[in-house]
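*Asks:* Protein chains in written order, with numbering that gives the first Met the number 0: chain L, 0 to 277; chain F, 0 to 277. Just so it is clear, CB atoms sit at the ideal spot from N, CA and C, and this is done for glycine as well.
Protein chains: 2
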Amino acid sequence: MPPNGRTALDSFPKPAFLEFMRDARPNKEKSPKKAVAAERPAGVRRPDAARIPGSSVHTSLASEIGLRIVRGDYPPGTILPNEAKWSETFSVSRSAVREAIKMLMAKSLLASRPKIGSWVEPKERWNLLDRDVLAWYATSPDREVFLRTVQEFRHIIEPEATAFAAMRRTDEQMAEISQACREMGEAKSLQERTRADTRFHLAILRASGNDLLVPLGVLIESAFDHLFAYTTRELDDLQLAQKMHEAIEKNIRLQRPDAARNAVRKLLANTDNVIRSR
Amino acid sequence: MPPNGRTALDSFPKPAFLEFMRDARPNKEKSPKKAVAAERPAGVRRPDAARIPGSSVHTSLASEIGLRIVRGDYPPGTILPNEAKWSETFSVSRSAVREAIKMLMAKSLLASRPKIGSWVEPKERWNLLDRDVLAWYATSPDREVFLRTVQEFRHIIEPEATAFAAMRRTDEQMAEISQACREMGEAKSLQERTRADTRFHLAILRASGNDLLVPLGVLIESAFDHLFAYTTRELDDLQLAQKMHEAIEKNIRLQRPDAARNAVRKLLANTDNVIRSR
DNA sequence: AAAGCAATATTGTCTGACAATAGACGTAAA
DNA sequence: TTTACGTCTATTGTCAGACAATATTGCTTT
């Protein structure tokens, strides 16, 4: 029953109220509050905000503030504007601001105390492996550096994860991996192919049998998002990449950890070249 | 100015209100609300809640609910009690409940929609590498399994991270590493030693030059917390471990990636033995 | 039987109030 | 002059109550 919608703060829903961000309207008269029903004050009342799932006010606010922090607008240690100030700046209620701030606190970007305010936590505390933080982080510096960092990380994780998968995969997990691999080959569009590619690598992480590896999937997703622009359209390259994926699939299927690890290393080296050559 | 207190939801502050958790008091009369000042209703009003930093109501609530979810009380897909219900169960305001839920949403343990309610997200979405989630996760299954998983993860991460550190460390980073190593040797108590040990490994992660490795420090901290009970009191073992740490320090200092990697592998193998032998 | 429509339950948002906290500052004492 | 203490005050924490938006559920109508 719970629908499987995309996760929240992904920041692309174009938060409605951000349009009038700096539009400080100090003299907004209080809404009458007596008029119970009938007599709609005709517009003015933020007509149709919050349509898309990920764009409730607090969510959008969290995105905006989170992005600013990660981007470096408020360096670690900085004391942020207080809740009343945010509330005024964005013309939203204090509750919405508080909920947004609580979300950022949950990601360790912020902490707060009465009388002090909220301050930006030192960068080491940031939960960089969080989906949203990662997304914000990915936008701020130039793509190159970010992509290189993620790619380096993949070199550390994926070969070992794949070796474990070759040892411990269940049949169901193998089926997922194989299917994703097949769908990569049959994909009609580049986007479709990339999606199957992502599924392939995530399935391997899940099959590794180590719960802690699974959350690292966000890194792979992020990498593929940013790699998309670099992806080749050349048929030769595509076929080569497909062969490499099939080699990985095969070695996991035949339960050969070492061979699987090497196959992944080859694939990553190939990806490195794609990045470098651009 | 921002004090460097421990991070929030660490769940050891023994949240005050949890005492009367199941104490459903349906007929609580509304507080008079007219009596402005003077005439304190004498006790009853949750006398001294929220003393310790990490124990505000919403924070404690998030801990309690988060723990329940991770523990498996509400399996993925389950629709949770609604906000009003939580509010009643714990006798706290709906705002507090909402803020707690927003924190859990930020960690991808929950998601919600109007009219539906809040449901537990599939486990793959959980941000297991989050400090709090990890802490909750660590309590639920038996220590053994958790410890083994974390330790396996360390085998994947730390050798490579250390090799990178040997290549890219700055002098400041080296100083941190060396100091932690020294303090390990000079530590007077086991606890003191463990703390220095943790600092040593975290400093290496930071020195690796890959931002994404830093957040994995929570795993190491968690591992050491749980490893503490297993730690040996034998002098021989301690001295052996110290030698291994010094070998790592030396190889990073001399910028020998391969030797550093091997030194870490040895140390981890030693730790494996400690775990296994218990 | 199918399609549209209304009732309903739940989260989302706003408002306004008061409590608790801890820094800043001034005042008094040593 | 310096130190210690108490007061002032700005900020988050908590509460209460109201209304809006939304999508499921079940009913009604064709």
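Compare the Cα-Cα distances from I184 (chain F) to each of F:E175, F:M173, F:D196 and report the closest residue.
*Replies:* Here residue 184 (chain F) corresponds to residue number 185 of the second sequence, with the count starting at 1. A quick correction: the sequence has Gly, not Ile, at residue 184 (chain F). Taking only the C-alpha atoms, the option nearest G184 (chain F) is F:D196.
*Asks:* Rounded to whole angstroms, what's the CA-CA distance from L267 (chain F) to V56 (chain F)? Just pull it up for me.
*Replies:* The sequence position of residue 267 (chain F) within the second sequence is 268, counting from 1. The sequence position of residue 56 (chain F) within the second sequence is 57, counting from 1. So the two alpha carbons sit approximately 40 Å from each other.
*Asks:* How about the stretch 110 to 127 of chain F and the stretch 131 to 141 of chain L: do they share at least three Cβ pairs that are nearer than 8 Å?
*Replies:* Contact between the stretch 110 to 127 of chain F and the stretch 131 to 141 of chain L is absent, because fewer than three Cβ pairs lie under 8 Å.
*Asks:* For K101 (chain L), tell me which candidate among L:G71, L:G65, L:Q150, L:V144 has the shortest Cα-Cα distance.
*Replies:* As a first step, residue 101 (chain L) must be located in the first sequence, where it is residue number 102. Of L:G71, L:G65, L:Q150, L:V144, the residue nearest in Cα terms is L:G65.
*Asks:* With a CB to CB cut of under 7 Å and the five nearest residues on each side skipped, what residues in its chain are close to E248 (chain F)?
*Replies:* Translated into the one-based positions of the second sequence, residue 248 (chain F) becomes position 249. I176, S177, C180.
*Asks:* Which same chain residues end up closer than 7 Å to L204 (chain L) when comparing Cβ atoms and leaving out the 5 residues on each side of it in sequence?
*Replies:* Against the first sequence, residue 204 (chain L) aligns to sequence position 205. These residues qualify, in order along the chain: A160, L212, V213, L215, G216.
*Asks:* Near G288 (chain F), which residues of its chain fall below 7 Å by C-beta distance, leaving aside the five closest residues on each side in sequence?
*Replies:* In the structure as shown, chain F begins at 0 and stops at 277. Residue 288 (chain F) is therefore absent and cannot be evaluated.
*Asks:* Going by DSSP, which residues form a beta bridge with A110 (chain L)?
*Replies:* Stepping through the first sequence from its first residue, residue 110 (chain L) is reached at position 111. According to DSSP, which records beta bridges pairwise, A110 (chain L) is partnered with L:W118.
*Asks:* Could you check whether the Cβ of D271 (chain F) sits closer than 9 Å to any Cβ belonging to chain L?
*Replies:* In the second sequence, counting from the first residue as 1, residue 271 (chain F) sits at position 272. No, because no Cβ of chain L sits closer than 9 Å to the Cβ of D271 (chain F).
*Asks:* Should K114 (chain L) be flagged as near chain F, meaning a C-beta pair shorter than 9 Å?
*Replies:* To locate residue 114 (chain L), count along the first sequence from 1; it is residue 115. So, not an interface residue.
*Asks:* Between F:N272, F:S188, F:H244, which lies nearest to N261 (chain F) when the distance is taken from Cα to Cα?
*Replies:* As a working note, residue 261 (chain F) is residue 262 in the second sequence. It is F:H244 whose Cα lies nearest to the Cα of N261 (chain F).
*Asks:* Would you check if the stretch 92 to 110 of chain F and the stretch 83 to 100 of chain L touch, i.e. whether three or more CB-CB distances between them fall below 8 Å?
*Replies:* Verdict: yes, contact present.
*Asks:* How is the alpha helix (DSSP H) around P256 (chain F) delimited, first residue to last?
*Replies:* For this step, residue 256 (chain F) is matched to residue 257 along the second sequence. That run of the alpha helix (DSSP H) goes 256 to 276.
*Asks:* Cα separation between Y73 (chain L) and L128 (chain L)?
*Replies:* Counting from 1 along the first sequence, the entry for residue 73 (chain L) is found at position 74. Counting from 1 along the first sequence, the entry for residue 128 (chain L) is found at position 129. Rounded to whole angstroms, Y73 (chain L) to L128 (chain L) spans 20 Å at the Cα level.
*Asks:* Going by the DSSP bridge assignment, what does I100 (chain L) pair with across the sheet?
*Replies:* Reading the first sequence from its first residue, position 101 is the one you call residue 100 (chain L). Looking at the DSSP assignment, I100 (chain L) forms no beta bridge with any residue, so it has no partner.
*Asks:* Would you mind telling me which residues of chain F sit closer than 7 Å to N209 (chain L), beta carbon to beta carbon, in chain order?
*Replies:* For the purposes of this step, residue 209 (chain L) is identified with residue 210 of the first sequence, where counting begins at 1. In chain order: T148, E151, F152.
*Asks:* Can you find a C-beta in chain L that's less than 9 Å from the C-beta of E82 (chain F)?
*Replies:* Looking up residue 82 (chain F) in the second sequence gives position 83. False, the Cβ-Cβ gap to chain L never drops below 9 Å.
*Asks:* Kindly list the residues whose CB is nearer than 7 Å to the CB of V273 (chain L), restricted to its own chain and excluding five residues on each side of it in sequence; keep chain order.
*Replies:* Residue mapping note: residue 273 (chain L) aligns to position 274 of the first sequence, counting from 1. If we look at V273 (chain L) and ignore the five residues flanking it on each side, its Cβ neighbours are Y229, T231.
*Asks:* Excluding the five sequence neighbours on either side, which residues of its own chain have a C-beta within less than 6 Å of the C-beta of K246 (chain F), listed in chain order?
*Replies:* The residue given as residue 246 (chain F) occupies position 247 in the second sequence. The amino acid at residue 246 (chain F) is misidentified as Lys; the sequence shows Ala. Excluding positions up to five away in sequence, the list reads A262.
*Asks:* Can you pull the chain L neighbours of D282 (chain F), defined as C-beta to C-beta under 9 Å?
*Replies:* This structure cannot settle anything about residue 282 (chain F), because the visible part of chain F is limited to 0 through 277.
*Asks:* Can you check whether the C-beta of M173 (chain L) is within less than 9 Å of a C-beta belonging to chain F?
*Replies:* Start at 1 with the first residue of the first sequence, and residue 173 (chain L) comes out as number 174. Cβ-Cβ to chain F under 9 Å: no for M173 (chain L).
*Asks:* So which residues on chain L does R57 (chain F) lean against when the C-beta distance must stay under 8 Å?
*Replies:* Along the second sequence, one-based indexing puts residue 57 (chain F) at 58. Residue identity check: residue 57 (chain F) is His in the sequence provided, not Arg. Ordered by position in chain L, the residues that pass the 8 Å Cβ test against H57 (chain F) are K101.
*Asks:* Starting from L60 (chain L), trace the alpha helix (DSSP H) in both directions and tell me its first and last residue.
*Replies:* As a first step, residue 60 (chain L) must be located in the first sequence, where it is residue number 61. That run of the alpha helix (DSSP H) goes 56 to 70.
*Asks:* For P121 (chain F), which option in F:I78, F:T148, F:E82 has the closest C-alpha, if you only look at C-alpha atoms?
*Replies:* By 1-based counting over the second sequence, the position of residue 121 (chain F) is 122. The candidate whose alpha carbon is nearest that of P121 (chain F) is F:I78.
*Asks:* If we ignore side chains and look at the alpha-carbon of each, how far apart do I156 (chain F) and R252 (chain F) end up?
*Replies:* If you number the second sequence from 1, residue 156 (chain F) lands on position 157. If you number the second sequence from 1, residue 252 (chain F) lands on position 253. Their backbone Cα atoms lie some 20 Å apart in a straight line.
*Asks:* Apart from the five residues on each side of it in sequence, which residues of its chain come closer than 6 Å, Cβ to Cβ, to A258 (chain L)?
*Replies:* As a first step, residue 258 (chain L) must be located in the first sequence, where it is residue number 259. Correct list, in chain order: N250.
*Asks:* Whose Cβ in chain L lies nearer than 9 Å to the Cβ of L218 (chain F)?
*Replies:* Start at 1 with the first residue of the second sequence, and residue 218 (chain F) comes out as number 219. By Cβ distance, chain L contributes L211.
*Asks:* Taking C-beta pairs closer than 7 Å, name the residues in chain F that S94 (chain L) reaches, listed in chain order.
*Replies:* Counting from 1 along the first sequence, the entry for residue 94 (chain L) is found at position 95. Those are S94, listed as they occur along chain F.
*Asks:* For a minimum of 4 consecutive residues, which ranges assigned as the alpha helix (DSSP H) are wholly contained in the stretch 159 to 208 of chain L?
*Replies:* With a minimum length of 4 residues, the continuous alpha helix (DSSP H) runs that stay inside the stretch 159 to 208 of chain L are 170 to 185, 189 to 206.
*Asks:* Report all residues from its chain with a CB closer than 6 Å to the CB of R50 (chain L); omit the five preceding and five following residues, and keep chain order.
*Replies:* Within the first sequence, residue 50 (chain L) is the residue found at index 51, counting from 1. Confidence at R50 (chain L) is low in this model, with a pLDDT of 39, below 50, so the placement of that residue should be treated as unreliable; the coordinate-derived value is given next. Excluding sequence neighbours, R50 (chain L) sits near nothing in its chain.
*Asks:* Using 10 angstroms around the beta-carbon of R70 (chain L), count the other beta-carbons present and answer buried if the total reaches 16, otherwise exposed.
*Replies:* Start at 1 with the first residue of the first sequence, and residue 70 (chain L) comes out as number 71. When all chains shown are included, R70 (chain L) counts as exposed.
*Asks:* Measure from the C-beta of I51 (chain F) to each C-beta in chain L and report whether the shortest distance is under 9 Å.
*Replies:* Along the second sequence, one-based indexing puts residue 51 (chain F) at 52. Unreliable positioning characterises I51 (chain F) in this predicted model, as indicated by a pLDDT of 48, which lies under 50. The coordinate reading is nonetheless provided below. Chain L contact via Cβ: absent.
*Asks:* Kindly examine the ligand MN and report whether one of its heavy atoms sits closer than 8 Å to the Cβ of F199 (chain L).
*Replies:* No copy of the ligand MN appears in this structure; indeed no ligand is present at all.
*Asks:* For N269 (chain F), count the other beta carbons within 10 Å of its own beta carbon; 16 or more makes it buried, fewer makes it exposed. Which is it?
*Replies:* Mapped onto the second sequence, residue 269 (chain F) falls at position 270. The residue is exposed, with fewer than 16 neighbouring Cβ atoms inside 10 Å.
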